[in-house]
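Engineer: Quick one: the structure is below, questions incoming.
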Amino acid sequence: MKRRSLGELTAIIIAVLFVLLMLVVPLISVLTNALSKGLDFFVKAISTSHVISALGLTIGTMIVTVLITGVFGVGAAYCIGKFQFKGKSILTTLIDIPFTVSPVIAGLALIMTFGRMGWLHPYIEAINNYFNLDIRIVFAVPGVILATVFVTFPFIYREIIPVLFSQGKDEEEAAAMMGASGWTIFRRITFPAIKWPFLYGIILCSARALGEFGAVAAVSKARGQTFTLPLEIDALYMSGSESGVVSAFAVSSLLVGMALIMLVIRSIVEKKG
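Mapping to the working numbering: the sequence shown position 30 is 349, numbers consecutive.
Next up, the structure:
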């Protein structure tokens, strides 16, 4: 058996200690504080109407976000990876904007677009008046979804595009010359190659959507209606009371559990992919 050098052992010890101190210990602290008042208090804390509403909105927003970013990600990656057109580099740059812009700025941009001072607000009001509707974007569920979509839509695209570039276009062109339709080519040749990166991108997008705070906080102000779990945790913690702080840790444990589920699914997908 090969003996490890002093440098290798030092690097391993530093890495393990870093993971323990930065990840494992804080997570254990969350779970410990969540149960500090007993199991009955924990169950009561995570079953309040505000928490249930936030949980439902969080999961619903995640599902809608994955659907939107999944369609967009596959479509954008397919167009950019398989075709040449004017403005291709500009489109690629625009898709990466959420990686460089602060989520809070994204939320404020939505407010200035759809809010009362936004340039689209008069058109929304005109539609509401004409059809006798009450459509609201910011400070409502649609704003929460739009904010989450904004910060997550590059994830699936970014997982798919390298595979499409490496795949090339020879197989698709050969199938097209043999008379296969565009849908058949995509279903039989293109999608099988991007299946696992697509699923991996969905997992990353879902995890990001579950934990998004900044952009959603800017467009969500009504607790029990437009608060997701991260916002509900912040509201409980900022209450300042002992029970509120413990409740915040209890609700945080729900997000920790979801994160662990995502990690398990990601490991399975990585293994199969």
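All residues carry an ideal CB built from backbone N, CA and C; glycine is no exception.
Please state whether the Cβ-Cβ distance between Val583 and Tyr519 is less than 8 angstroms.
Structural biologist: Counting from one through the sequence shown, the residue named residue 583 turns up at place 264. Counting from one through the sequence shown, the residue named residue 519 turns up at place 200. Contact: no.
Engineer: When the distance is taken between beta carbons, is Val457 closer than 8 angstroms to Phe472?
Structural biologist: To locate residue 472, count along the sequence shown from 1; it is residue 153. To locate residue 457, count along the sequence shown from 1; it is residue 138. No.
Engineer: Using only alpha-carbon positions, find the residue among Cys524, Leu413, Gly379 that is nearest to Pro461.
Structural biologist: Position 142 of the sequence shown, counting from 1, holds the residue named residue 461. When each option's Cα is compared against that of Pro461, the closest is Gly379.
Engineer: Short of 6 angstroms in beta carbon distance, which residues of its chain neighbour Pro516, apart from the five on each side in sequence? Order them along the chain.
Structural biologist: The residue labelled residue 516 in the question sits at position 197 within the sequence shown. Cβ within range, chain order: Glu478, Ile479, Val482.
Engineer: Can you name the start and end residues of the alpha helix (DSSP H) that Ser596 belongs to?
Structural biologist: A question about residue 596 goes unanswered here, because the residues of the chain that appear run from 320 up to 592.
Engineer: Starting from the C-beta of Leu439, find all residues in its chain whose C-beta is less than 7 angstroms away, skip the five residues before and the five after it, and write them out in chain order.
Structural biologist: Within the sequence shown, residue 439 is the residue found at index 120, counting from 1. Excluding positions up to five away in sequence, the list reads Thr432, Phe433.
Engineer: Excluding sequence positions up to five away, which residues of its chain have a Cβ less than 6 angstroms from the Cβ of Ala364?
Structural biologist: The count along the sequence shown starts at 1 and reaches residue 364 at position 45. Same-chain partners within the cutoff: Ser566, Ala569.
Engineer: Is the CB-CB distance between Leu523 and Phe474 below 8 angstroms?
Structural biologist: Locating residue 523 in the sequence shown gives position 204, where the first residue counts as 1. Locating residue 474 in the sequence shown gives position 155, where the first residue counts as 1. Yes.
Engineer: Report all residues from its chain with a CB closer than 6 angstroms to the CB of Ser560; omit the five preceding and five following residues, and keep chain order.
Structural biologist: Here residue 560 refers to the residue found at position 241 when the sequence shown is read from its first residue. Result list for Ser560: empty, nothing under 6 angstroms.
Engineer: Within a Cβ cutoff of 7 angstroms, which residues of the same chain sit near Gly533, ignoring the five residues on either side of it in sequence?
Structural biologist: On the sequence shown, residue 533 is found 214 positions in, with the first residue counted as 1. So the qualifying residues of the chain are Ser421, Pro422, Val423, Gly426.
Engineer: Cutting at 6 angstroms between CB atoms, please list the residues of its own chain near Leu354, excluding the five before and the five after it.
Structural biologist: Your numbering for residue 354 matches position 35 in the sequence shown. Answer for Leu354: Phe361, listed in chain order.
Engineer: Using DSSP with H/G/I as helix, E/B as strand and the rest coil, what is Ser312?
Structural biologist: This structure does not reach residue 312, given that the chain is present from 320 up to 592, and the question cannot be answered.
Engineer: Is DSSP giving Phe269 helix, strand or coil here?
Structural biologist: For residue 269 there is no data in the structure shown, the boundaries of the chain being 320 and 592.
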